[in-house]
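Peer 1:
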Amino acid sequence: MTPRSCHEYEEGLLAFRRGCLQAPNEVSIWTKFCEVELINTVKELFNITSLREVPKSLVRFENHLNKPVRIHNIFKVANDLSKDSSESIENVDKIQKKKSQKDSRVSKQRKWKSNVKDDQTKVNCLKREDLDIHHQYAEGPFFTLADLVLLPSYYIIRQFFGEKLFQTLLPLSHKWFLNVKNVKEVDELYNFLSTIQIQPLEIGQINFPDVEDVSLYKSDPKRHNPKKRLFTKPDDIEKALNVLVEGMELDISNLEFEKTFDWEDIPDGANPEAGHLPDERVERKSQQLQNLTLAVLDMAKDGDHIVDFCSGSGHLGILIAHLLPKCTIILLENKEQSLLRARDRVHEMGLKNVYFFQCNLDFFIGKFDIGVALHACGIASDLVLDKCLKSKAKFVLCPCCYGSIHATDRLVYPRSAAFKEMSIEQYLCIGHTADQTHKEHPLTIRGARCMAVIDSDRARLAEEHGYKVTLSRLKPLSCTPKNNLLIGVPI
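UniProt numbering numbers the first residue of the sequence shown as 1 and each following residue consecutively.
(1) Determine the closest residue to T408 out of E202, P24, C20, with distance taken between C-alpha atoms.
(2) Using 8 Å for Cβ pairs, my map puts C450 next to I424. What's the rounded Cβ distance?
(3) For C398, report the span of its beta strand (DSSP E) as first-last.
(4) Mind the definition here: the region 27–39 touches the region 140–157 only if three or more C-beta pairs lie below 8 Å; say whether that holds.
(5) Once you ignore the five residues that flank P209 on each side, which residues in its own chain have a CB closer than 7 Å to its CB?
(6) Could you tell me which of A295, D457, R17, H438 sits nearest to F261, measuring between CA atoms?
(7) Does DSSP put R70 in a helix, a strand or coil?
(8) Please confirm if the region 169–188 is in contact with the region 61–68, defined as three or more CB-CB distances below 8 Å between the two stretches.
(9) Considering Cα atoms alone, identify which of F192, P490, R70, L51 is closest to A15.
(10) Can the beta-carbon of L145 be found less than 7 Å from the beta-carbon of L21?
(11) Do S472 and L255 come within 7 Å of each other at the CB atom, strictly closer than that value?
(12) Could you tell me which residues DSSP pairs with D308 in its beta bridges?
(13) Where does L277 fall in DSSP's three states?
(14) Run through DSSP, which three-state label would K468 get?
(15) Hey, out of E10, G12, G19, L13, whose CA is closest to E336's CA?
(16) Please return the same chain residues whose Cβ sits closer than 6 Å to the Cβ of L319, not counting the five positions on each side in sequence.
(17) What span of residues does the beta strand (DSSP E) with L172 cover, start to end?
(18) Between which two residues does the beta strand (DSSP E) holding F356 run?
(19) Rounded to a whole number of angstroms, what is the C-alpha to C-alpha distance between N291 and R458?
(20) So, for I252: in the same chain, excluding its five sequence neighbours on each side, which residues have a beta-carbon less than 7 Å away from its beta-carbon?
(21) Please state whether DSSP places N47 in a helix, a strand or coil.
(22) Quick one: is G366 buried, meaning 16 or more other Cβ sit within 10 Å of its Cβ, or exposed?
(23) Smallest Cα separation from L383: which of L461, L297, G162?
(24) Determine, using beta carbons only, whether T444 and T232 come nearer to each other than 7 Å.
(25) May I have the straight-line CA-CA distance separating P399 from E10, to the nearest angstrom?
(26) Could you tell me how far apart the beta carbons of F321 and L351 are, in whole angstroms, since I believe they sit closer than 8 Å?
(27) Tell me whether the beta-carbon of L331 lies closer than 7 Å to the beta-carbon of A342.
(28) Assign K301 to one of two classes, buried (16 or more other C-beta atoms within 10 Å of its C-beta) or exposed (fewer than that).
(29) Look at the Cβ atom of I379, then the Cβ atom of E26, and state whether they are nearer than 7 Å.
(30) If you follow the beta strand (DSSP E) that V489 is part of, which residue opens it and which one closes it?
(31) Count the other C-beta atoms from every protein chain shown that fall within 10 angstroms of the C-beta of I487, then say buried if there are 16 or more, exposed otherwise.
(32) For D103, which of helix, strand or coil comes out of DSSP?
(33) Can you tell me where the beta strand (DSSP E) with G19 in it begins and where it stops?
(34) For L339, count neighbouring C-beta atoms within 10 Å of its own C-beta (all shown protein chains included) and say buried if the count is 16 or more, exposed if not.
(35) Taking L428 as the reference, give the member of Q436, D369, I405, F257 with the closest Cα.
(36) Around the Cβ of P442, are there at least 16 other Cβ atoms within 10 angstroms (buried) or fewer (exposed)?
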C-alpha cells in the first residue's frame, strides 16, 4: 500500500469522510468548476491565438484562494496544526539543549512547559476567518484529489500565459501551483506534463472581467442565492398553473400488475423487516419497494441488465435481483458506505447477479435494458431519465424533491416541447409547490397536482423520444408523500 503523503488529510486524498468531489457537478459549484468549467476554459484557449480578457473561471479560482478556508472540523484542524507547530518548537529546543550540554556543563534548566492547551483555548475563541489556516492547496491546508484534477489544466494555462505574466495576473493561483508542484508524490505527473509544449498566446493589454468576489464553496454566506428569494405566493402559483392547456398534463392511470410476490418468501437481506427500522417505517418502505418491483417484474425478461440508479443501500435492486435471478442487476451509488452495506447483504444472500458501481450518474456509460430509481432527488430523476432515453431502455421512476430542480449545462426546464410556453420561473414555482404534500395539509391537493405537472413534462419528453409512458401513483398513497410513478417503454 502506498504510504500517505505528509501533505494529505489524515483520511487521504479524498479528505473528510472521503467526500472530495463526491457531489455531482449538477449540484456542486466546486465539482462543476473542477470537472467542467476549468476544462472548458482550457479548450477555449486552444481555439484562440490572442487574449484580451482573463477567463472568468481563472478569476473565480483566484478569488476562492483569497477567501477563508471552509472545511469540516476547522477548529480541530487549527488546534492540530497549532499543536504540530508547538511540538516542532519543542523538538528544536531539545536539540539545542543537548548541543549546549555537550559543549559545557550548565546549571539545571527549568523544565519546559507546554502551552498547547493555552494555544487551543485561543484557537477556539477565534472567528473562523481569523484562524491561521490558508489555501495552501485548493481546499485548504491539505493536498486533495481536487489539486490533482486541477493541476494538468493549470499547467497548460500557465504555458498559454507564460510564467511571469501568470504570476503577475494571478499571484495566489501561482503560489498554489508551486505548492502542488512541490509535493513529492506529484513528480511523476509533473514530469509527464513537462513534455507538453504549447505556444504562448499573444497577450497585450488585458482586462479583468466582472466576477462575483466569493469562494467556490456553495456555503459561502456572501454568495447570491436566488433560491432564497423564490417564494410560492398563491398568485404566482395560480398564474403558473393557468399556462397549462388541455393535452399538456398526463392522465393518472390505475395500474394493475399480473405478477406478484409474498414478503414472507423474501430472505432477510432483501426484506426491510430484517433491518432496524420502526414498524411503521418498515411497512411504508416495503410498500414503496413492492410498487416499483412489480412494475419491473411486469416488463423484465431473462438476460436483461437492470440498473438501480441512486441505489443507496440497495433495497430495491437487491429485491429485484432475488426475484429475477436470470437478470443482471447493477447498483449505482456515489456513497461508499451505502454500497458497502449493500455488498455485505448481497454476499450474505449468495447472489451472483449483482454488480456495484460507485460513481456519479454522469460517469456511468454502460448499456442497459431497464433503469429504476426510487426517490432520486431533484434533477437526479431527470438525469436517470436521460440515461434511459439515451440507451433506449425501459424506465420505472418514482421522483422526489421537486422543489430542488434547477437548470444546468445539460438540463433545460421545461424539458419537453409540449411545455415550452411555460417560463423557467413559472416552472420552478410549480416545482416548489409540488413539495407541499405534507400529510393532512390543506395544500396537499394542490401540491399533488403540481407533482403531476412536473412529471407530465418528463413523460412528454419521453414520448417525444418514442416512448409509451404512463403516470400512476404508488399504493397505498400513504406509503410516501412523493408517490408518483412514471413507467416508460420504447415503442
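Using N, Cα and C, we set each Cβ at its ideal position, and we do this for glycine too.
What you are looking at is a predicted structure, and each value in this text was computed from that prediction instead of being measured.
Peer 2: Judging by the given coordinates:
(1) P24
(2) About 15 Å; that fails the 8 Å criterion.
(3) 394–400
(4) The region 27–39 vs the region 140–157: in contact.
(5) E53, V54, K56, V59
(6) Residue nearest to F261 within the set A295, D457, R17, H438 is A295 (criterion: CA-CA distance).
(7) Note: R70 maps to coil in three-state DSSP.
(8) Enough Cβ pairs lie closer than 8 Å, so yes.
(9) R70
(10) Against a cut-off of 7 Å, the Cβ pair of L21 and L145 comes out as a contact.
(11) yes
(12) L331, V372
(13) L277 falls in the coil class under three-state DSSP.
(14) strand
(15) G19
(16) A270, L289, T293
(17) No beta strand (DSSP E) contains L172, which is instead part of the alpha helix (DSSP H) from 171–181.
(18) 354–358
(19) 20 Å
(20) A452, L471, S472, R473
(21) coil
(22) exposed
(23) L461
(24) no
(25) 37 Å
(26) Per the sequence presented here, residue 321 reads as Ala, with Phe not at that position. Yes, they are in contact, since the Cβ atoms of A321 and L351 sit about 5 Å apart, within 8 Å.
(27) yes
(28) In this structure K301 is exposed. Its beta-carbon is surrounded by fewer than 16 other beta-carbon atoms within 10 angstroms.
(29) yes
(30) Per DSSP, V489 is one residue of the beta strand (DSSP E) stretching across 484–490.
(31) Burial call: buried.
(32) Because the pLDDT at D103 is just 48, under 50, the model does not fix this residue reliably, and the point stays unresolved.
(33) Note, G19: premise wrong, no beta strand (DSSP E); not H, not E.
(34) With 16 or more other Cβ atoms within 10 Å, it is buried.
(35) Ranking Q436, D369, I405, F257 by Cα distance to L428 puts I405 first.
(36) exposed
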